[in-house]
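Residue numbers (the numbering used here): 529 to 935.
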């Protein structure tokens with residue numbers, strides 16, 4: 529019989545090597561490969577009979593409430609109720625099933641290290657495919673439906689099985705902290721090589737977002753030795769952000785997207801206009817968002833670009849325009865709770881290897897939060913986000929039980 533912690537391994541392999549939209553279509557129903565794998569995994573876990581040991585904690589509840597509220601508000605605001613119901617039901621079911629499979633598969637630190645080792649092997653296997661795509665402009669995953677190659681200003685933007693190069697680069701950047709954390713325990717050269725692979729994937733994606741995220745992740749990893757002052761650092765960064773916003777003639781988001789430019793060909797100015805439009809149109813979307821219609825800001829604020837839709841390349845705003853301000857707020861609170869839980873657990877551990885493990889996952893979540901500013905998650909990378917949240921939920925349980933046992 530397959531051990532329960534191994535159930536998540538096929539899901540990770542699918543995350544890395546199967547395009548998110550690959551599916552079997554029966555009538556009007558799409559059976560996506562990842563959905564089928566997750567369902568099989570969930571059935572396997574229930575067959576083990578061990579699922580009763582997990583009780584929903586604060587992080588689990590925030591995750592469920594955020595998804596549920598976003599689904600309800602989207603349905604209320606949509607014009608095509610049936611189409612919206614089909615779409616959001618699929619998204620909600622996928623989110624909950626994938627989260628539960630990962631959540632039930634994690635019941636020890638060894639379970640987490642198994643996940644990290646699996647990612648390490650997967651990124652090494654992805655290396656030759658990415659090298660070939662980056663230097664030949666041909667995607668070997670075209671047999672699975674990945675035919676389009678993105679080229680901007682003469683730069684090939686490798687994406688492998690992902691729908692967009694920025695998602696691929698962001699995925700690779702997010703893996704760096706947990707691979708480094710495991711290296712601090714194992715001192716494995718394989719882990720070091722997998723980190724090199726991830727850095728190359730970020731470079732091959734030719735996108736500024738993953739580069740900025742990777743730079744932020746490296747800074748957060750470097751801050752490990754001063755993690756006891758993490759709260760002070762967070763308050764300092766918030767104070768600096770407020771100061772920049774107040775003293776500059778242009779708002780903070782102009783500084784973030786326009787002044788801080790890694791690549792001259794990046795779409796930072798579009799992201800600035802997007803946030804600026806969201807602030808100006810706040811009264812129109814704060815309660816219910818826009819539902820299936822979506823924001824039409826492109827016709828009002830940048831008609832000169834001849835854009836046919838408003839491309840919401842900001843995950844925080846995507847939650848807002850789809851589910852309203854309160855859905856976005858719940859999502860931000862969830863992210864904050866995940867980070868604070870992992871950082872607190874890292875501080876409380878006595879073994880340096882365990883401190884690094886939790887700090888690595890915390891930095892992975894911080895990397896997600898930085899990436900949210902430049903891209904809206906969809907496809908495989910959402911599974912990596914759910915995995916990060918599920919690990920934090922496990923850490924929440926462990927920290928609560930260890931605190932209770934010491935009372």
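Glycine included, each C-beta is placed from N, C-alpha and C at the ideal position.
- A straight line joining the alpha-carbon of residue 589 with that of residue 597 spans about 12 Å.
- In the three-state scheme derived from DSSP, where H, G and I count as helix and E and B as strand, residue 683 is classed as strand.
- By alpha-carbon distance to residue 875, the top candidate from 805, 756, 772 and 888 is 756.
- In this structure, the straight-line span from the alpha carbon of residue 767 to that of residue 846 is close to 26 Å.
- The C-alpha of residue 790 lies about 44 Å from the C-alpha of residue 582.
- The beta carbon of residue 735 sits closer than 7 Å to those of 685, 693, 694 and 697, all from its chain and outside the five residues before and after it, given in chain order.
- Within the segment 715 to 768, complete beta strand (DSSP E) segments of at least 3 residues are not found at all.
- For residue 574, the three-state secondary structure derived from DSSP is helix.
- A distance below 8 Å between beta-carbons, with the five flanking residues on each side excluded, links residue 913 to the following residues of its chain, in chain order: 896 and 905.
- For residue 631, the uninterrupted alpha helix (DSSP H) segment begins and ends at 609 to 633.
- According to the DSSP assignment, residue 881 belongs to the alpha helix (DSSP H) that extends over 880 to 899.
- In this structure, the alpha-carbon of residue 662 lies about 27 Å from that of residue 786.
- Beyond the five residues adjoining it in sequence on each side, residue 883 comes within less than 7 Å, by CB distance, of 874 and 877 in the same chain, given in chain order.
- In the three-state reduction of the DSSP assignment, residue 560 falls in the strand class.
- Residue pairing of residue 678 in beta bridges, as defined by DSSP: 685.
- Annotation: residue 909 to residue 639 spans about 20 Å, alpha carbon to alpha carbon.
- Pairwise C-beta distances place the segment 862 to 873 out of contact with the segment 623 to 634, as fewer than three of them are shorter than 8 Å.
- Where residue 847 is concerned, the enclosing alpha helix (DSSP H) starts and stops at 843 to 876.
- Within 10 angstroms of the beta-carbon of residue 832 lie fewer than 16 other beta-carbons, which makes it exposed.
- Distances from the CA of residue 607 to each of 587, 819, 892 and 592 were compared; the closest alpha carbon is that of 819.
- Taking the Cβ atoms as the reference, residue 817 lies roughly 11 Å from residue 840, outside the contact range of under 8 Å.
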